[in-house]
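In our numbering, the protein residues as written are 356 to 507.
Only one structure is covered here, and it is reproduced in the block below.
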């Protein structure tokens, strides 16, 4: 199944793949989902005792230029519910993953310095929780540097 959600404030559309529910609703103040096996409360800390894996992927980042770029740094502001992983993917190449360890502050601002090797025109980024931890991100800022190519 595929599910869609619309943000009414800015009309942004979000697509959810592998959506397990055929119906959604609200009952006694709780969000619920229904599938062929029963009714489930949405928003629980786990799924029948197993950690809930969460991931967000942003594709096609050009950073305002068609030139080759390398990633300089990333800044993330989030509410820690556990460690996070930031993945950076150059032109659909191999993903480099950087772990961000939670320190326990109410809102954390962290910097990630990626390796300087990969270069790409298009970049993708992923954010994922670790072992079912929270994924409550306020802001993600990626800084890329255009590479000037000199021909001899």
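Note that beta-carbon positions come from the ideal geometry of N, C-alpha and C, so glycine has one too.
| Item | Value |
| --- | --- |
| Residue 486 versus residue 406 - alpha carbon distance | 6 Å |
| Pair within 8 Å by beta-carbon distance, residue 439 and residue 484 | yes |
| Reduced DSSP secondary structure (H/G/I, E/B, other) of residue 381 | strand |
| Test item: CB-CB of residue 495 and residue 467 under 8 Å | no |
| For residue 357, the first and last residue of its enclosing beta strand (DSSP E) | 357-361 |
| Residues bridged to residue 395 (per DSSP) | 388 |
| Residue 429 versus residue 370 - alpha carbon distance | 25 Å |
| Where residue 475 falls, given that 16 or more other Cβ within 10 Å makes a residue buried | buried |
| Residue from 431, 473 and 461 with nearest C-alpha to residue 450 | 473 |
| Euclidean distance between Cα positions of residue 418 and residue 392 | 45 Å |
| Proximity of residue 489 and residue 437 at Cβ, strictly below 8 Å | yes |
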